[in-house]
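The opening residue of the sequence shown carries number 35 in my numbering; numbering runs sequentially from there.
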Amino acid sequence: MMTKYYIAYGSNLHLEQMAKRCPTAKVVGKSEIKDHTLTFRGTDNRSFATVEPCKGDSVPILVWLIAPDDEKELDIYEEYPDLYRKEVMEVIVDNQPVNAMVYIMNEGRPLNLPSKEYYLTILEGYNSAGFDVEYLNIAMENSVEKMNNIKKNTRLDYAVYEFPFGLLKIGYKKSVLTMVKKIDETSDYGRKTEFTERVYREIMEYLNGERISFDITYNLEGTDFQKRVWEEIARIPYGETRTYKEIATRVGNVNASRAVGMANNKNPIMIIVPCHRVVGTNGNLIGYAGGIEMKKELLDMEEKVIMEVVRKH
Numbered sequence: 035m036m037t038k039y040y041i042a043y044g045s046n047l048h049l050e051q052m053a054k055r056c057p058t059a060k061v062v063g064k065s066e067i068k069d070h071t072l073t074f075r076g077t078d079n080r081s082f083a084t085v086e087p088c089k090g091d092s093v094p095i096l097v098w099l100i101a102p103d104d105e106k107e108l109d110i111y112e113e114y115p116d117l118y119r120k121e122v123m124e125v126i127v128d129n130q131p132v133n134a135m136v137y138i139m140n141e142g143r144p145l146n147l148p149s150k151e152y153y154l155t156i157l158e159g160y161n162s163a164g165f166d167v168e169y170l171n172i173a174m175e176n177s178v179e180k181m182n183n184i185k186k187n188t189r190l191d192y193a194v195y196e197f198p199f200g201l202l203k204i205g206y207k208k209s210v211l212t213m214v215k216k217i218d219e220t221s222d223y224g225r226k227t228e229f230t231e232r233v234y235r236e237i238m239e240y241l242n243g244e245r246i247s248f249d250i251t252y253n254l255e256g257t258d259f260q261k262r263v264w265e266e267i268a269r270i271p272y273g274e275t276r277t278y279k280e281i282a283t284r285v286g287n288v289n290a291s292r293a294v295g296m297a298n299n300k301n302p303i304m305i306i307v308p309c310h311r312v313v314g315t316n317g318n319l320i321g322y323a324g325g326i327e328m329k330k331e332l333l334d335m336e337e338k339v340i341m342e343v344v345r346k347h
């Protein structure tokens with residue numbers, strides 16, 4: 035009998051539900067879909083989970099071994115091919131790469147929140163699999179945030195400057211900083227103001243080792259959990275680092291290291307809110323939106339400045 039690997043990230047994490055739907059299916063392990071995020075799309079009362087590309091993020095999954103009859107039942111449940119399409123992704127199970135089939139929602143569905151029943155089904159699946167429930171809650175919050183942003187359709191003023199790592203996009207509302215982001219390219223350099231010039235000047239002073247703190251008023255826009263993480267990151271002293279687990283402990287959930295990593299990667303004001311100072315458990319340089327090389331250079335620069343200060347005293 036032909037079998038294949040199947041990736042579950044939503045309601046099919048629910049073991050009892052899968053046992054009824056696909057009685058011959060077996061869980062072979064846990065894994066993650068890297069560089070993707072969990073979100074919800076659809077219409078009222080028919081909004082379901084899907085995964086979408088998102089650099090630096092990852093989605094916890096169960097990998098099943100399914101038979102042809104199981105796949106037929108899944109096709110019906112997932113409304114294939116009208117609602118979902120099938121793709122094949124490589125994931126790691128027991129330290130080995132496997133190619134697994136996954137259902138991805140077709141384009142064109144709006145962001146929307148799932149029904150309470152559907153959410154609770156996924157939640158039970160997260161609990162039984164031992165996944166971090168905070169990730170699911172953040173996915174819900176992110177969907178709400180994206181929906182609100184679309185509704186607001188607010189215009190963000192910005193200016194783009196060249197800096198040693200490429201292009202730096204500085205977003206602002208009046209004289210309040212809302213974004214500092216490294217971008218690869220642009221054809222629109224925005225509108226430079228006295229405020230953006232000051233922000234850029236302070237960032238360049240920092241990069242040149244001439245400044246260890248910033249005198250810029252900023253506003254962090256995100257979910258409640260994200261803002262707690264970012265506020266904790268902002269407290270990390272110049273020249274020091276904290277691990278994801280340490281940040282998770284400080285925000286009140288020692289098991290939320292993965293969720294902290296996601297929030298860290300979505301920090302809207304890099305450098306000034308120093309997400310580059312958050313490292314892996316063994317000091318590994320992981321999960322930086324500006325790239326690992328930039329993260330390393332920033333930490334090396336800070337260490338060099340601190341050592342020079344110590345030498346002089």
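Here a beta-carbon is modelled for each residue, glycine too, at the ideal position from N, C-alpha and C.
Computed from a prediction, not measured in an experiment: that's the story for all the values here.
Check	Outcome
Tell me the DSSP secondary structure of Met123 in three-state form.	strand
Excluding five sequence neighbours on each side, which residues of the same chain lie with their C-beta closer than 8 Å to the C-beta of Lys338?	Gly243
Check whether the Cβ atoms of Lys207 and Asp218 sit closer than 8 Å, and answer yes or no.	no
Should Tyr195 and Ala293 be called a contact, given that it needs their Cβ atoms to be closer than 8 Å?	no
Short of 6 Å in beta carbon distance, which residues of its chain neighbour Ile320, apart from the five on each side in sequence? Order them along the chain.	Gly314
Alpha carbon to alpha carbon, how far is Leu241 from Val214?	14 Å
Starting from Glu66, follow the beta strand (DSSP E) in both directions and report where the run begins and ends.	60-77
Would you say Tyr40 and Trp98 are within 8 Å of each other, going by their C-beta atoms?	yes
Could you give the DSSP three-state label for Glu86: helix, strand or coil?	strand
Can you have a look at Glu141 and say buried or exposed, based on whether 16 or more other CB atoms are within 10 angstroms of its CB?	exposed
What residue does the beta strand (DSSP E) around Glu196 start on, and which one ends it?	191-197
Give me the Cα-Cα distance between Arg74 and Asn316, rounded to the nearest whole angstrom.	Note that residue 74 is Phe in the sequence shown, not Arg. Roughly 34 Å between the two C-alpha positions.
Give me the Cα-Cα distance between Ile172 and Arg345, rounded to the nearest whole angstrom.	45 Å
Could you have a look at Asp91 and say whether DSSP puts it in helix, strand or coil?	strand
Report the CB separation of Leu154 from Val167 in whole angstroms; it is logged as a contact under 8 Å.	Not really, about 12 Å apart at Cβ, beyond 8 Å.
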